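Q: In our numbering, the protein residues as written are 484 to 678. This is the structure I have questions about; it appears just below.
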């Protein structure tokens, strides 16, 4: 692949990356909305009380509250096992999404020379210790996987919106469950950056 083709493909990937990052943020907002509804349901409170108590609760604290309520109220294992599977995926996405959002460079990006559909995202410039540095090689396809799993998580949480006094039927609000797509990337090692 010559230089012009490489930069053309990298430019197309940049446009796709920016677009998919926006779609991921919208899907993440849906996840937090559904978690709020599940939290309200498990807490057994009215909407006004839920708004007063849980307003602004982000994904991780909402999950922790749902877990605590389930533990303290003796929620049956079927429900707990079902939402734990979804929570694990949401937390994986949350961790990786946070890293991408806080360390992506929107104006200047480095891409993989042999594969312009993947770019480097690193905290190498801002990490307080070299041993803590992480760098990932990913592209818009990774963001699509994360977005798809956000949507799947929302659908899998829909059965948890049914009244708690009804028997629980795990499933999906859209019918059959889809397999998870996103697998967290392993960091890669780069040469030490120096100014």
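Cβ atoms here follow ideal geometry from the backbone N, Cα and C, with glycine treated the same way. All of these numbers come straight from a predicted model, not from anything done at the bench.
1) Below 8 Å, how does it come out for the region 596-606 and the region 489-507: are there three or more Cβ pairs, yes or no?
2) With distances taken from CA atoms, which of 643, 668 and 639 is nearest residue 662?
3) Which one or two residues does DSSP pair with residue 598 in a beta bridge?
4) Where residue 645 and residue 525 are concerned, what is the direct C-alpha to C-alpha distance, given to the nearest angstrom?
5) Residue 605 by DSSP, collapsed to three states: which one?
6) By alpha-carbon positions, which one of 561, 505 and 571 ends up nearest to residue 635?
7) In terms of residue numbering, what span does the alpha helix (DSSP H) encompassing residue 683 cover?
8) Is residue 527 helix, strand or coil by DSSP?
9) Taking C-alpha atoms, which residue in 530, 542 and 493 lies nearest to residue 580?
10) Just grab the DSSP bridge partners of residue 658 for me.
11) Pull up the distance between the alpha-carbon of residue 678 and that of residue 613, whole angstroms please.
12) Does the distance from the CB of residue 620 to the CB of residue 671 come in under 8 Å?
A: By the coordinates alone:
1) yes
2) Ranking the options by Cα distance to residue 662, first place goes to 639.
3) 595
4) 10 Å
5) For residue 605, the three-state secondary structure derived from DSSP is strand.
6) 571
7) Outside the displayed range of the chain (484 to 678) lies residue 683, so it cannot be described from this structure.
8) coil
9) 542
10) 655
11) Reliability of the predicted coordinates at residue 678 is poor, the pLDDT of 49 falling under 50, and the value obtained from them is presented with this limitation in mind. Straight-line Cα distance between these residues: approximately 14 Å.
12) In this structure, residue 620 sits near residue 671, with a CB-CB distance shorter than 8 Å.
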